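Asker:
Chains as they are written, first to last, in the working numbering: chain A, -16 to 341; chain B, 6 to 194.
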């Protein structure tokens, strides 16, 4: 019988984390190893390892899809560098300035590493019975290298493709077929389906964000505690809507732009909460503590906070108004387009049914 | 032949998109994809082997006496028909040997999960150092774990015993430090 040390594996480049579901914090590090007759996928959490073997004779296809994760990280890191550099340049406290420079340097290092590693991708391996993600192949350069390493090994077992197998069926859609009308994401699946979502909750969320943007804009010109109170309520409402929308858009036919807008709204929400917290702390520090006896006094101080009071408050309000208006308006337009596309895609079928009945 | 679907939108992708030199947009969601297809995709699942019926005085399969033996088991030597022949990494085994080998962890290619005792021991030696006082409990446990599982099967991927050695050394130092500290305090009183 096969000995314990019989199989020798050669480590393939790449390492990544396995993501499980909607929002998963995974601690499983994935890597690939090349065996004599198979590839070994190893998921390790430090305490144990899980193995998956893909035999060369069973591998049918490797599907690589480009993603924008790397670009998104670059943007986020660039923003971090900009904000920490601004802090380092404009803050007066020496220790905070040093800390800001250190932070800028760290973010810059991360940004350079991200750029150096190249564009990101997602790789799937397909056999007759399963399609599995290969999280270690998350960079295009690595994925290409690994596929080029695997190809001769697989072809040694399976042989090369015949010319007639690579021929394109003339009845099928070709590479150069016109794609002027963008088709909807098809509710088709290999194992798990995509359902239709009209985007009602997205529309509601973006409408509330837009309304909040208008109110914040009005607040910039004319301070009123009532408007601030209503704005707080709206923020709470659209926070809930965004979370529901994020859950609902998973495995749905909501277009990528709307998805990204929803994620951007969540990002904006986090930033606005952070800014609100900073504003609250600075206000509490500058106002007289003897005035604030009860919790209500604290709320009243926050409600009385006017954009005309300081440049910081004015800046935060202006930022919130611009972001809310932009996110709300663009989001609403995109959801409307998705709804129109769906309506126009389903109409011809209805027309035909009507004609058939007639 | 099965169809390949886009891993982003799950829409089917037609044969014209396979084995292209560069990325091409998915016809449905327009996300750039590259599909490398191998011959197995066109051949589908291989049909299972059937044992041939025994004729006259031919050797028969140990498990199916009415079937013709085609190969002996590489481990136990029993004669096997084509149906009972399990090929694993170039070796031909009978179902019983496969089952036994799987249970005893002798067939590496059937292992799907392994506990990493060396990694666990090293973490157990290092992580409690954050709290300092926890090491009084974890240091002996680490040494026990390292000795107890020194010969236990480790990762399928070949790795050295350096983690075990480090864990033992670190835990030994921790125990030494605790002993010295306790002796010092006792002697001061």
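All C-beta atoms in this analysis are idealised placements derived from N, C-alpha and C, irrespective of residue type, glycine included. The structure presented is a predicted model; accordingly, all values stated were derived computationally and were not measured.
(1) List the residues of chain A whose Cβ lies closer than 7 Å to the Cβ of residue 125 of chain B, in chain order.
(2) Within the 9 Å Cβ cut-off, does residue 351 of chain A reach chain B?
(3) Which first and last residues belong to the beta strand (DSSP E) in which residue 37 of chain A is found?
(4) Please list the terminal residues of the continuous beta strand (DSSP E) segment that includes residue 235 of chain A.
(5) When burial is assigned at 16 or more other CB atoms within 10 Å of the CB, is residue 61 of chain B buried or exposed?
(6) Could you tell me whether any Cβ in chain A is nearer than 9 Å to the Cβ of residue 154 of chain B?
(7) Cβ atoms of residue 306 of chain A and residue 256 of chain A: under 9 Å apart, would you say?
(8) Since residue 176 of chain B contacts residue 147 of chain B with CB under 8 Å, what's their CB separation in whole angstroms?
(9) At a Cβ threshold of 9 Å, is residue 178 of chain A touching chain B?
(10) For residue 342 of chain A and residue 160 of chain B, which I take to be in contact (beta-carbon distance under 8 Å), what is that distance rounded to the nearest angstrom?
(11) Sorted by chain position, which residues of the same chain lie with C-beta nearer than 7 Å to residue 41 of chain B's C-beta, five sequence neighbours on each side aside?
(12) Express the C-alpha separation of residue 45 of chain A and residue 28 of chain B in angstroms, rounding to a whole number.
(13) Consult DSSP for residue 151 of chain A and reduce its assignment to one of helix, strand or coil.
(14) For a quick check, are the C-beta atoms of residue 80 of chain B and residue 54 of chain B less than 9 Å apart?
(15) Considering only their Cβ atoms, is the gap separating residue 263 of chain A from residue 189 of chain A smaller than 9 Å?
(16) Straight-line CA distance for residue 65 of chain A to residue 207 of chain A?
(17) Taking the C-alpha atoms as reference points, what is the distance between residue 57 of chain B and residue 100 of chain B?
(18) Short of 6 Å in beta carbon distance, which residues of its chain neighbour residue 129 of chain B, apart from the five on each side in sequence? Order them along the chain.
(19) Nearest to residue -5 of chain A by CA position, among A:93, A:133 and A:38, is which residue?
(20) Taking the alpha carbon of residue 95 of chain A as the point to measure from, which residue in A:38, A:58 and A:323 has its own alpha carbon closest?
(21) Quick one: what does DSSP say residue 8 of chain B is sitting in, helix, strand or coil?
(22) Can you list, in chain order, the residues of its chain whose CB lies under 7 Å from that of residue 210 of chain A, leaving out five sequence neighbours each side?
(23) Measuring only the C-alpha atoms, how far is residue 187 of chain A from residue 314 of chain A?
(24) Below 7 Å on C-beta distance, what does residue 45 of chain B contact in chain A?
(25) Within 9 Å (strictly less), CB to CB, does residue 133 of chain B reach chain A?
(26) Can you find the residues in the same chain that come closer than 8 Å, C-beta to C-beta, to residue 164 of chain B, ignoring five residues on each side of it along the sequence?
(27) What does residue 39 of chain B touch in chain A if you count any residue whose Cβ is under 7 Å from its own?
(28) Identify each residue in the segment 203 to 221 of chain A for which the Cβ-Cβ distance to at least one residue of chain B is less than 9 Å, and report them in chain order.
Answerer: The answer reads as follows:
(1) 30
(2) The question about residue 351 of chain A has no answer here: the residues shown for chain A are numbered -16 through 341.
(3) 31 to 38
(4) According to the DSSP assignment, residue 235 of chain A belongs to no beta strand (DSSP E), since it is labelled neither H nor E.
(5) That one is exposed.
(6) At a cut-off of 9 Å between C-beta atoms, residue 154 of chain B does not count as an interface residue with respect to chain A.
(7) no
(8) 4 Å
(9) no
(10) Any property of residue 342 of chain A remains undetermined from this structure, which presents chain A solely from -16 to 341.
(11) 24
(12) 13 Å
(13) Summary for residue 151 of chain A: the model assigns pLDDT 48, below 50, so the residue's position carries little reliability; its value from the coordinates is reported in the next sentence. Of the three classes helix, strand and coil, the one that applies to residue 151 of chain A here is coil, per DSSP.
(14) Taking 9 Å as the cut-off, the beta carbon of residue 80 of chain B is found no closer than this to the beta carbon of residue 54 of chain B.
(15) Against a cut-off of 9 Å, the Cβ pair of residue 263 of chain A and residue 189 of chain A comes out as no contact.
(16) 33 Å
(17) 18 Å
(18) 143 and 147
(19) If you compare the alpha carbons of A:93, A:133 and A:38 with that of residue -5 of chain A, the shortest gap goes to A:133.
(20) A:58
(21) coil
(22) 198, 201 and 202
(23) 10 Å
(24) 40, 41, 42, 43 and 141
(25) no
(26) 123
(27) 47
(28) none
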